[in-house]
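Quick note: the sequence shown uses full-length UniProt numbering, first residue 1, plus one each step. The C-beta atom is built at its ideal place from N, Cα and C for all residues, glycine as well. Predicted model only: the values in this text are computed from it and were never measured. Contents: one structure, followed by commentary.
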Amino acid sequence: MLGGVASVAIFTNQSALSNNGFQVASFLVVRSSNLSRKYTIPQPFFKIPGFREHIAHFVASNNGNLARKNIVFAIPNEKDDAEKEGSDYYIDYPVIVGQKEDGSSCAPEMETTFSLLPCGEGILRSYEINGKEDGLLAKLMAVHLHVLAMEQWNASKLKMSHKKYLVSATNLIHYLALKSVNIEQLKEELSSICFLNLDTINQHVLASLSAGIRLLDNVKYDSSSHSISYSEGISSTKSLDKQMKGEFSINTLRRRASHTADLLLGRLPEKRNTHIMVTVGEEAIESETLIKDLLNAGTTIVRINCAHGSPEIWSEIIRKVKRSSQILEKPCRILMDLAGPKLRTGKLQAGPCVLKISPQKNAYGQVIYPALVWLSSPGAGSPPAHVSPDAILHVDGEELLSKLEVDDVVTLLDARGKQRTLKIISRHPIFSGVGYMAECSKAAYVKSGAKLYIKDKRRKSSAGHVVDIPPLKQFIKLRVDDLLSISRDGQNEENNLTSSTGVHRIACSSEYVFDSVKPGEPIAFDDGKIWGIIKATSTSEILVSITHAGPRGSKLGSEKSINIPRSNIRYEGLTSKDLIDLDFVANHADIVGVSFVRDVRDILLLRQELEKRKRRDLGISLKIETKEGFEKLPLLLLEAMKMPNPLGIMIARGDLAVECGWENMAYIQKEIISVCAAAHVPVIWATQVLESLVRSGVPTRAELTDVAEGMRTNCIMLNKGKCIVEAVSFLHRILSNHSTKSNTEFKPLALSSHDF
């Protein structure tokens, strides 16, 4: 009869993690009260006093070939003296790694033990627990001891975690230990008896394994048809109870995860399990009602991107958010994203200050709906929420605005010298004065300075002129096989966006890219909408041949993203701009978003800068948007957990998809959520969520599925757009219906025998 079972813990890739501060054991540490004795294992296995052997097997799958590896399950000898409860035993065991087809080790290519790709592309093969003759209970106990071994080997490093994160960091180590061994067969066996799902225990690994062992031991389950009784238990009742209760109990860890999310994101609104975050910019200043409408629709967090705007604009946005939040009594937090070392296209010179007014026409070119034009004085405020003009004209001329009445006709000469008329159809009181809605039945190109007149039967009186027409945004239209020159200096003027040789020109705002890229490397623009191959490089220029664009070409404008996935660019962690912006963020925001986090050095620098500013309470959102950041996610979390600051992760899927490959995104985002669940760290689901709804007012079916996936996280982020308020309201209804299923209109499906 087996009175105790020990397991050899197989840990892989020792050098990679140890270089980053956390070590992976190459031997097993056993901490279990009834294993606190001396053991012996006869040759040819190990020489340790006190064991009789009971041999199981791990089957290592290597490219379809199975190779047996002997693993020892042991029975303590009765004659050995028991030692102090909880003693540690170190069983020396060599590190075993996977192999490529040519027989070479995969280990040197590995960045971390948390890996994604098949062996040969940078990941170790793990080991499959097999051998039904050893019993399901013995297999689960082997995994349990493997998890404990990882914790013990990293105990000294775990103690460096802040006290508020120590338990969560420990559970993360447990999860990584569980992931390091392929336990697919064990999962199937446990699932076949409806017993334990190892895919859902991320938040409470040790307690779930302990509970499983305890239950299996009690029912004396035998998976191999051999009657093996574990009446005395493989771990003492006291030891397992301790792991199932206290700070590592399932309920305690679930509450800890919920509390950690509340610390970072704030309390959830009633009837919702997920926060809604919205990105805002200058449009929030231009509109008097946008922030209020967003909060009323269900927004709980407002995001400001420090890559755009200025401290003056940010201050006004924050003032409006805080004021609206107080008036409406709806809590709302502020997240400010640092720009980070992101590669972007430089600014193109602004285009002419012309506004096109276009009525809607049918297929025959006949006007079916005139364009709606809003007229008001500068600074008077935005149009009311219930009107939706096609164009806004600010008029410098109190005389005109004071004399205008409904049914009056205003005339103007457009940029082409053509006379156009605007018929006043309604008058509206606004924030500071009045505004008028007018109809325009012909296309017009209105520029700043255009004079307006009130048309009268007897005379044409001068009334005012148009001001503050914004400049048109310039862009380059790229097609497949076009050549694009990226310059270092950024002095692109309107006339030389395309040279006489047909080469398009644009600048890059990040100069260090020119020293790192090589010919033949792929390059992407605007979150992967445009792709090309680098043809030539110099210290001041990069020449790109476009390989992918829209059928009619794709527009590339100012401040659009540039990604070079295969290039070894030497990025800086926090840029000089980030450090300046961090001064503002530390004084005004609730959460700082750290962009393009790649390794623990970025976390160390952030910690130093926050300590300088005495903001140990500022929330931190680490943005995962590169392959390196994803591969090192556990290390990033463990390093960040040394700080007391509330912590979260944002899945920035735009850059992440370009960097890691579109085909890998579904798996990558799932893995990020799993790791963060184990660390009890909240996750923000970002990039292109309900994008069609935000822009056009109608969602796609795929976007609804994306929202359903996002509901597994703590917060869903929407980007700005014309229909953003409607999108927030729509998302709020989805999230509310999900959390209160009883509100749904649909009844459960009922099947009868006639259905078959």
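For isoleucine 392 versus aspartate 408, is the C-beta spacing smaller than 8 Å?
Taking 8 Å as the Cβ cut-off, isoleucine 392 and aspartate 408 do not qualify as a contacting pair.
When we look at the beta-carbon of aspartate 468 and count the other beta-carbons within 10 Å, is it buried (16 or more) or exposed?
Exposed.
Under the three-state DSSP convention, the category lysine 627 falls into
Secondary structure of lysine 627 (DSSP, three-state): helix.
So what does DSSP say about valine 97, is it helix, strand or coil?
Reliability fails at valine 97, whose pLDDT of 25 lies under 50, so the model's placement of it is uncertain and no value is given.
Less than 7 Å between C-beta atoms, sequence neighbours within five positions excluded: which residues of the same chain meet that for leucine 264?
Correct list, in chain order: Ile591, Gly619, Pro646, Leu647, Gly648, Pro682.
Just the C-alpha distance for histidine 738 and threonine 700, rounded to the nearest angstrom, thanks.
Taking the Cα positions, histidine 738 is about 19 Å away from threonine 700.
Fully enclosed by the UniProt domain "Pyruvate kinase barrel" (272-357), which alpha helix (DSSP H) runs are 4 residues long or longer?
Counting only runs of 4 or more residues that sit fully inside the UniProt domain "Pyruvate kinase barrel" (272-357), the alpha helix (DSSP H) segments are 283-286, 290-297, 311-328, in chain order.
Tell me the DSSP bridge mates of serine 505?
Strictly speaking, residue 505 in this sequence is arginine, with serine absent from that position. Beta-bridge annotation (DSSP): arginine 505 is paired with Ser485.
My assumption, with CB atoms under 8 Å, is that leucine 172 sits in contact with alanine 678. Please give the rounded CB distance.
Sure, about 5 Å apart at Cβ, within 8 Å.
Residues in the same chain with beta-carbon distance under 8 Å from arginine 598, minus the five sequence neighbours each way, listed in chain order, please.
Excluding sequence neighbours, arginine 598 sits near Tyr571, Gly573, Thr626, Glu628, Gly629, Lys632.
Can the beta-carbon of serine 595 be found less than 8 Å from the beta-carbon of leucine 338?
Taking 8 Å as the Cβ cut-off, serine 595 and leucine 338 qualify as a contacting pair.
Alpha carbon of arginine 303 to alpha carbon of isoleucine 334, nearest angstrom
Their backbone Cα atoms lie some 6 Å apart in a straight line.
Is the separation between the beta-carbon of alanine 444 and that of histidine 465 shorter than 8 Å?
With contacts defined by Cβ atoms closer than 8 Å, alanine 444 and histidine 465 do not form a contacting pair.
Continuous beta strand (DSSP E) stretch holding leucine 413: start and end:
Element bounds for leucine 413: 409-413.
Can you list, in chain order, the residues of its chain whose CB lies under 6 Å from that of tryptophan 531, leaving out five sequence neighbours each side?
Within the same chain, tryptophan 531 has close Cβ partners Ala524, Thr547, His548.
Determine the closest residue to glycine 381 out of Lys403, Ser432, Lys356, Lys342, with distance taken between C-alpha atoms.
Residue nearest to glycine 381 within the set Lys403, Ser432, Lys356, Lys342 is Ser432 (criterion: CA-CA distance).
At the level of alpha carbons, what is the spacing between threonine 200 and tyrosine 175?
Answer to the nearest angstrom: the Cα atoms are 11 Å apart.
Alanine 686 beta carbon less than 8 Å from that of alanine 652:
Between alanine 652 and alanine 686, the C-beta gap is smaller than 8 Å, which places the two residues in contact.
Less than 7 Å separating the Cβ of valine 387 from some heavy atom of the ligand FAD?
Ligands displayed in this structure: none; no statement on the ligand FAD is therefore possible.
Same chain, Cβ closer than 8 Å to leucine 472, five either side skipped, listed in chain order
Same-chain partners within the cutoff: Ala350, Gly351, Pro352, Cys353, Val354.
Beta-bridge partners of aspartate 396, as assigned by DSSP:
According to DSSP, which records beta bridges pairwise, aspartate 396 is partnered with His465.
What separation, rounded to the nearest whole angstrom, lies between the Cα atoms of aspartate 515 and histidine 588?
Aspartate 515 and histidine 588 have their C-alpha atoms roughly 37 Å apart.
Assign tyrosine 436 to one of two classes, buried (16 or more other C-beta atoms within 10 Å of its C-beta) or exposed (fewer than that).
Sixteen is the threshold: when 16 or more other Cβ atoms of the shown chains lie within 10 Å of the Cβ of tyrosine 436, as they do, the residue is buried.
Is glutamate 405 helix, strand or coil when you go by DSSP?
Looking at glutamate 405 - three-state DSSP - the assignment turns out to be coil, as it is neither helix nor strand.
Just the Cα atoms here: how many angstroms apart are arginine 733 and leucine 693?
C-alpha separation (whole angstroms): 14 Å.
4-residue-minimum alpha helix (DSSP H) runs that sit fully inside the region 130-167, ordered along the chain
Within the region 130-167, the complete alpha helix (DSSP H) runs of at least 4 residues are 136-153, 155-158.
In whole angstroms, what is the alpha-carbon distance linking lysine 69 and leucine 137?
In this prediction, lysine 69 has a pLDDT of 34, which is less than 50 and means its spatial position is unreliable; nothing more can be read from the coordinates.
Beta-carbon proximity list for serine 249, same chain, < 7 Å, skipping 5 on both sides
Here the set comprises Ala207.
Determine the extent of the alpha helix (DSSP H) in which valine 694 is found, giving its start and end residues.
Where valine 694 is concerned, the enclosing alpha helix (DSSP H) stretches over 691-696.
Per DSSP, cross-strand counterpart(s) of lysine 451
For lysine 451, the beta-bridge partners assigned by DSSP are His465.
Nearest-angstrom Cα distance between leucine 731 and lysine 330?
Taking the straight line joining both Cα atoms gives about 17 Å.
Do the region 530-545 and the region 296-314 make contact, defined as three or more Cβ pairs closer than 8 Å?
The region 530-545 vs the region 296-314: no contact.
Hey, out of Ile673, Tyr165, Gly365, Ser736, whose CA is closest to threonine 713's CA?
The shortest Cα separation from threonine 713 among Ile673, Tyr165, Gly365, Ser736 belongs to Ile673.
At 4 residues or longer, and completely inside the region 569-640: list those alpha helix (DSSP H) runs for me, N to C.
As summarised for the region 569-640, the continuous alpha helix (DSSP H) elements at least 4 residues long and confined to that stretch are 576-588, 600-612, 627-631, 633-640, given in chain order.
Shortest alpha-carbon distance to lysine 320 belongs to which of Leu604, Asn305, Leu295, Pro359?
Among Leu604, Asn305, Leu295, Pro359, the Cα nearest to that of lysine 320 belongs to Leu295.
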